[in-house]
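Engineer: All residue numbers for the sequence shown refer to this note's numbering, where the first residue is 2 and numbers rise by one. Below is a structure I'd like to ask you about.
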Amino acid sequence: MRFKDLSQLKRPEPREIILGILPQNILMADYAKGRAFKISELVGVVFEESLEWYGFTLAHKDHPELIVDIGLPKNDLNLQDYTNLSSRRIAEFQESLPEDVIINGWIHS
């Protein structure tokens, strides 16, 4: 559908969505926690400086509340105080996961 000008478009009425209570604790397997610390350590060793990095927290589909691993997608840009990951890279990473593994969050250095 084409519009001659934007005045023909109408905004929907705003609606309020009540959010639930945020979790007070995060369930993370020792393996995932250890891996996150090791990644931070290795980034410093490899690049001989502290660089930003981020990845995804991973869970099994049948227990999405428990972080079992850390996944590292290919970043599009890594600098000392900034990193960037495109939506294409996120999709590539998600498609590379086994069927029973999901992204349940993200982790940042």
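Ideal placement from N, C-alpha and C gives every residue a C-beta, glycine not left out.
(1) May I have the straight-line CA-CA distance separating Leu7 from Glu14, to the nearest angstrom?
(2) Would Leu59 and Pro74 be called neighbours here (beta carbons separated by less than 8 Å)?
(3) Give the DSSP-derived three-state secondary structure of Ala60 in the structure shown.
(4) Could you tell me the boundaries of the alpha helix (DSSP H) in which Asp31 lies?
(5) Between the Cα of Ile108 and those of Pro65, Ser51, Asp70, Ile19, spot the shortest distance and give me the residue it belongs to.
(6) Considering only the beta carbon of each residue, do Phe57 and Gly35 sit closer than 8 Å?
Structural biologist: Quick look at the numbers:
(1) 17 Å
(2) no
(3) strand
(4) 31–48
(5) Asp70
(6) no
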